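Visitor: Counted from 1, the sequence shown has number 83 at position 83 by the UniProt record's numbering; the numbering is strictly sequential.
Even glycine gets a Cβ: it sits at the ideal position worked out from N, Cα and C.
Keep in mind that this is a model prediction, so the values were computed, not measured.
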Amino acid sequence: MDNFQMDKQSLLEMKANKHTLARGAEDFDKVYGLGYEVGHADWSPYPRVNKLRQTFLDRPYEIDVERLRLVTQAYKAHETTPRILQCAYAFENILLNSTIHIYDEDLILGEIAAPAKASPIYPEFSVDWIIDEILNSPFEERSNDQFYIRNDEDRAEILELCEYWKGKSANEIITAHLDDDQKKGSHMGEKVFQTNNYHFAGIGHFAMDFKKLMTLGYDGVLEQTKAAFAKLSKQDPDFCEKRDYYKSTIISLKAAKKYIARYAKLAEDMAKNEIESKRKQELQEMSTNCYQIAGGAPQTFWQAAQLFNFAVTLTQIEGNGHSISYGRMDQWLYPFYEKDMKQQNVTKAFILEVIEVLYVKMNNPTKLKDKGTVKVRNGRGFGGESLTIGGIDTNGQDATNDLTMLILEASVHTRMMNPWVCLRLHENTPYELKIKTIECIRAGYGHPKLFNDGPAIKAMLSKGVTLEEARDYAVVGCVEPTVPGKEHGWLDAGYVNTAKMMEMVINGGRILAGPNAGKQLGPDTGSLETYKTFEEVLESVDKQFAYWCDQLCSCLNVTDKIHRMIKPTPYISAFFDGCIESGKDMTNGGVKYNGTAPQAAGIATCADSLSTIKKLVFKDKKYTGKELLDAVKDNWDGHEKLYALVNSSKIPHFGNDIDEADELFTFMFECYCRHIKGRKNPRGGKFSPGVYTVNANVGMGLYTNATLDGRKNEEPISDNMGPVHTAGGSHDIHGPTAIVNSVTKVDHSLATNGTLLNLRFPEDAVSGVEGRDILVSFIDEYVAKQGMHVQFNIMSSEKMRAAQKNPEMYADMLVRVAGYSAYFVELGKPLQDDLIHRTELRF
Numbered sequence: 001m002d003n004f005q006m007d008k009q010s011l012l013e014m015k016a017n018k019h020t021l022a023r024g025a026e027d028f029d030k031v032y033g034l035g036y037e038v039g040h041a042d043w044s045p046y047p048r049v050n051k052l053r054q055t056f057l058d059r060p061y062e063i064d065v066e067r068l069r070l071v072t073q074a075y076k077a078h079e080t081t082p083r084i085l086q087c088a089y090a091f092e093n094i095l096l097n098s099t100i101h102i103y104d105e106d107l108i109l110g111e112i113a114a115p116a117k118a119s120p121i122y123p124e125f126s127v128d129w130i131i132d133e134i135l136n137s138p139f140e141e142r143s144n145d146q147f148y149i150r151n152d153e154d155r156a157e158i159l160e161l162c163e164y165w166k167g168k169s170a171n172e173i174i175t176a177h178l179d180d181d182q183k184k185g186s187h188m189g190e191k192v193f194q195t196n197n198y199h200f201a202g203i204g205h206f207a208m209d210f211k212k213l214m215t216l217g218y219d220g221v222l223e224q225t226k227a228a229f230a231k232l233s234k235q236d237p238d239f240c241e242k243r244d245y246y247k248s249t250i251i252s253l254k255a256a257k258k259y260i261a262r263y264a265k266l267a268e269d270m271a272k273n274e275i276e277s278k279r280k281q282e283l284q285e286m287s288t289n290c291y292q293i294a295g296g297a298p299q300t301f302w303q304a305a306q307l308f309n310f311a312v313t314l315t316q317i318e319g320n321g322h323s324i325s326y327g328r329m330d331q332w333l334y335p336f337y338e339k340d341m342k343q344q345n346v347t348k349a350f351i352l353e354v355i356e357v358l359y360v361k362m363n364n365p366t367k368l369k370d371k372g373t374v375k376v377r378n379g380r381g382f383g384g385e386s387l388t389i390g391g392i393d394t395n396g397q398d399a400t401n402d403l404t405m406l407i408l409e410a411s412v413h414t415r416m417m418n419p420w421v422c423l424r425l426h427e428n429t430p431y432e433l434k435i436k437t438i439e440c441i442r443a444g445y446g447h448p449k450l451f452n453d454g455p456a457i458k459a460m461l462s463k464g465v466t467l468e469e470a471r472d473y474a475v476v477g478c479v480e481p482t483v484p485g486k487e488h489g490w491l492d493a494g495y496v497n498t499a500k501m502m503e504m505v506i507n508g509g510r511i512l513a514g515p516n517a518g519k520q521l522g523p524d525t526g527s528l529e530t531y532k533t534f535e536e537v538l539e540s541v542d543k544q545f546a547y548w549c550d551q552l553c554s555c556l557n558v559t560d561k562i563h564r565m566i567k568p569t570p571y572i573s574a575f576f577d578g579c580i581e582s583g584k585d586m587t588n589g590g591v592k593y594n595g596t597a598p599q600a601a602g603i604a605t606c607a608d609s610l611s612t613i614k615k616l617v618f619k620d621k622k623y624t625g626k627e628l629l630d631a632v633k634d635n636w637d638g639h640e641k642l643y644a645l646v647n648s649s650k651i652p653h654f655g656n657d658i659d660e661a662d663e664l665f666t667f668m669f670e671c672y673c674r675h676i677k678g679r680k681n682p683r684g685g686k687f688s689p690g691v692y693t694v695n696a697n698v699g700m701g702l703y704t705n706a707t708l709d710g711r712k713n714e715e716p717i718s719d720n721m722g723p724v725h726t727a728g729g730s731h732d733i734h735g736p737t738a739i740v741n742s743v744t745k746v747d748h749s750l751a752t753n754g755t756l757l758n759l760r761f762p763e764d765a766v767s768g769v770e771g772r773d774i775l776v777s778f779i780d781e782y783v784a785k786q787g788m789h790v791q792f793n794i795m796s797s798e799k800m801r802a803a804q805k806n807p808e809m810y811a812d813m814l815v816r817v818a819g820y821s822a823y824f825v826e827l828g829k830p831l832q833d834d835l836i837h838r839t840e841l842r843f
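Following this line, the structure appears as structure tokens:
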């Protein structure tokens, strides 16, 4: 049991800090329930939203052939055209010819050139796996993340069209450019690191400049492009490349305008045939909205929300990148809210309903992924659609406003996977906002996740951005801070399995066990049979990390260059500072700030493994290095006494506020960051380290031999910044305060690509006013200690086990997996089990 309690003086001070400048539609301390409720009533106060939500849940996940057909037509018609223009013509062909839909109850229009919840196909990146899985591993027969092809005609057409793309896709070209040393440790080899995200899909992981779009509209951005093009001189040595960039941007922006006008006309035509008066008026207003934003800037909140949805879905149509995030929505959308409210054009209730309809809409885009990826990382959505609220403004003052509160209320009313709401906290965050946040968290659907402005801004500054830009950071993907519209950070670039590196450390660079046991994979930097001192072990860690980071980063630089060659993105580039000005697409380094950001997994696994070695071999001298090595080679079989010892509190473990153990975690954390940070990439930027796994620790564990933290073959490695939990028991035993104390001994700002901490409490541990206030104070302490990120599951192991047994009763039960929430019953069983086995904490 944890002894953390909130003293009365702290509570009084917190309540005295209340202010009433920002108000939602409901009381700030309204209780929204405690955890998931089986057989719950509708959560939203708006019948429309509840209908849209249920319609989404009832729709099947399908594969749509239309984008594949249209993009193939365009590429065939322009085979000798420069690639960036090919991309623009393909984008145009899709927007002018794809089937568009307006669904019942819609207030916000626009999909991703496919029906709602249907996934398009992006052959520009990879097709071999699509062909293979249709023929040999049908998408509909997967154990999880199933997709359905509508009929045999579609199936045959997909196979036929994919044949054209053989030898032309990014994955094939990237693979051809990698050498054997790069491949052997990658997803194509022993999976020391995995870079397949950007072999099989677009880059994404950015937030565009929504303020620019909302201010200028498409017409304004188009005029900027034309003006820059007019100034281009043939004396410029890059004239041809810049000319093609400007032409492709103009084609793309004009196509976007025509696409939105198509929706305006469809809504207009449907209104003429609509009998019901209320729906007729809604269709007319949606038509008016679309005609306005097809070129001009939005004039109302509803129009701004509509333009936002088009802007994002057009980005997904063009590039296929995941984690296309929404920036600081409570900031860039606020002027439209303020104007409408001052002019009394709408009610706050209508504003909230529009936000909730938009939220449901955000869940429609889906993304087909290969079976290897879904085995490692579940999820059929695009993923990573983070929406940032709160925090400080560019002057350092609290930025909370009415929309901050309304956005939270919409989240708790809809309780869906998307958007991934991210709340920025700082030392002066208003009391009301904290309470509203905690009530959302206690409702048990996993949102919002929390970010600390202190270390996040410090991390941004170390990347070289200005103070004003750093204060305006937004979160993309799971936990990655970025400057909206100014940074193309190539975040989520690759996953590094540090536990596999540790395998090289203890076994002379050789594979420990399995069919390739004894194979030399990394450099021989010593083994447990040869080390004379613990310092030699640490030196070996440093050498192995240096070697494998060389391999990883060189792979990513190859991938970066191939994306520039194969898939420029002129549409989205227009909404990033620097591209129009320089005449360079974002894949060519046109954005103001450029980066590449892979992340480390399994840091605690490595730290506790080091602790085992230090304690048993060099400190107590109870076991030899060879005895430990033999135990993991044997998967702990026949070494039961040692296995129990390693999983016991007799070994200092990370997460218990034990300096000796926490210092080893800090060593591993800093070692990874040091070997990644500052390396150069092909776009003129630098590499940026992150320390998080999302849920990849489960998939990575399937390919990782037993480890000296007491983990057996195929068990998950440690998740994110969290302590180890193995089948032998959780290594953190002193409660949440001890975890926080351990985690915050690290300087989180060194991980400029973010950190992630999962914590789980059963419902009764945070119940009542007392439980609420203790959780608020706990978060305040985490912020004060400079942790960068934390998120909560309010759910007992018992409830998750019940959902495993009776999934039909828990169909819409969301759980916080890592940087995102997902429907528990749709997750693969290994990931479900990992969530269940995470330590259940109590204060």
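1. I need the DSSP call for I149, collapsed to helix, strand or coil.
2. Would you call the CB atoms of N656 and H734 closer than 8 Å?
3. What are the boundary residues of the alpha helix (DSSP H) that includes T55?
4. Using the Cα positions of G204 and D634, report the straight-line distance between them to the nearest angstrom.
5. What residue ranges within the segment 260-347 form continuous alpha helix (DSSP H) runs of no fewer than 4 residues, ordered along the chain?
6. Taking the alpha carbon of I130 as the point to measure from, which residue in I651, N171 and E111 has its own alpha carbon closest?
7. If distances are taken between C-alpha atoms only, which option among L85, K434, Q832 and K614 comes closest to L408?
8. Compare the Cα-Cα distances from I158 to each of I134, I174 and E141 and report the closest residue.
9. Taking the C-alpha atoms as reference points, what is the distance between L213 and I260?
10. Can you name, in chain order, every residue of its own chain whose Cβ lies under 7 Å from the Cβ of N557, other than the five neighbours on each side?
11. Given V505, which residues of its chain have a CB within under 6 Å of its CB, disregarding the five upstream and five downstream residues?
12. Spatial neighbours of C606 within its chain, please: C-beta separation below 7 Å, excluding the five flanking residues on both sides.
13. Taking contact to mean at least 3 C-beta pairs separated by less than 8 Å, is the segment 137-150 in contact with the segment 339-350?
14. For the alpha helix (DSSP H) containing K641, list its first residue and its last residue.
15. Would you check if the distance between the CB atom of Y782 and the CB atom of V740 is smaller than 8 Å?
16. May I have the straight-line CA-CA distance separating E356 from I112, to the nearest angstrom?
17. Assuming E480 and G690 make a contact with CB atoms under 8 Å, what is their CB distance in whole Å?
18. Can you tell me whether DSSP reads T707 as helix, strand or coil?
19. Taking 8 Å as the threshold, find out whether the segment 711-730 comes into contact with the segment 643-655 through three or more Cβ pairs.
20. Under a Cβ-count criterion, where at least 16 other Cβ atoms within 10 Å of its own Cβ denotes burial, should A118 be classed as buried or exposed?
21. So who's on the other strand from P481, going by DSSP bridges?
22. Going by other Cβ atoms of all chains shown within 10 Å of its Cβ, with 16 needed for buried, is E427 buried or exposed?
23. What residues match up with E487 in a beta bridge as DSSP calls it?
24. Grouping DSSP H, G and I as helix and E and B as strand, with all else coil, what is L827?
25. Counting C-beta neighbours from all protein chains within 10 Å, is the total for R57 16 or more, i.e. buried, or is it exposed?
26. Determine the direct distance from the alpha carbon of I562 to that of V617, and round the result to whole angstroms.
27. Measuring straight from C-alpha to C-alpha, what distance separates D833 and V698?
28. Helix, strand or coil for G381, going by three-state DSSP, please let me know.
29. In terms of residue numbering, what span does the beta strand (DSSP E) encompassing H789 cover?
30. Using only alpha-carbon positions, find the residue among P120, F687, G202 and L216 that is nearest to I566.
31. Quick check on F239: buried or exposed, where buried means 16 or more other Cβ atoms within 10 Å of its Cβ?
32. Helix, strand or coil, according to DSSP, for P598 in the structure here?
33. Determine the extent of the alpha helix (DSSP H) in which F210 is found, giving its start and end residues.
34. Looking at I102 and M362, is the spacing between their C-beta atoms short of 8 Å?
Guide: On the basis of the data shown:
1. In the structure shown, I149 sits in a strand (DSSP, three-state: E or B).
2. Contact flag set, yes.
3. Here the alpha helix (DSSP H) through T55 covers P47 to D58.
4. Taking the straight line joining both Cα atoms gives about 42 Å.
5. Correct list: 277-293, 301-319, 329-332 and 334-342.
6. Of the listed residues, the one whose Cα sits closest to I130 is N171.
7. If we check each option's Cα against that of L408, K434 comes out closest.
8. Looking at the Cα atoms, I134 is the closest of the given residues.
9. The straight-line gap from Cα to Cα measures roughly 14 Å.
10. The residues are N681 and P682.
11. Result list for V505: S540, V541 and Q544, in chain order.
12. Cβ within range, chain order: T498, A499, M502 and M668.
13. Of all C-beta pairs linking the segment 137-150 to the segment 339-350, fewer than three are shorter than 8 Å, placing the two stretches out of contact.
14. Run containing K641: E640 to V646, per the alpha helix (DSSP H) assignment.
15. Yes, the pair counts as a contact, with Cβ atoms nearer than the cut-off.
16. Near 19 Å, if we compare the C-alpha coordinates of I112 and E356.
17. Contact holds; Cβ gap of about 7 Å.
18. When DSSP states are grouped into helix, strand and coil, T707 belongs to the strand group.
19. Output reads yes: the segment 643-655 touches the segment 711-730.
20. By the 10 Å Cβ count, A118 comes out buried.
21. DSSP output for P481 lists V475 as bridge partner(s).
22. Classification for E427: exposed.
23. DSSP output for E487 lists Y593 as bridge partner(s).
24. Three-state DSSP puts L827 in coil, outside helix and strand.
25. Arg is not the amino acid found at residue 57; the sequence shown has Leu there. Answer is exposed; the Cβ neighbour count stays below 16.
26. If I take the Cα positions, the gap works out to 47 Å.
27. In this structure, the straight-line span from the alpha carbon of D833 to that of V698 is close to 10 Å.
28. Secondary structure of G381 (DSSP, three-state): strand.
29. Residues H789 to I794.
30. Ranked by Cα distance from I566, the options P120, F687, G202 and L216 are led by G202.
31. Exposed, by the Cβ-count rule.
32. Note: P598 maps to strand in three-state DSSP.
33. If you look at F210, you'll find it in the alpha helix (DSSP H) that goes F210 to K231.
34. Here M362 is not near I102, since their CB atoms are 8 Å or more apart.
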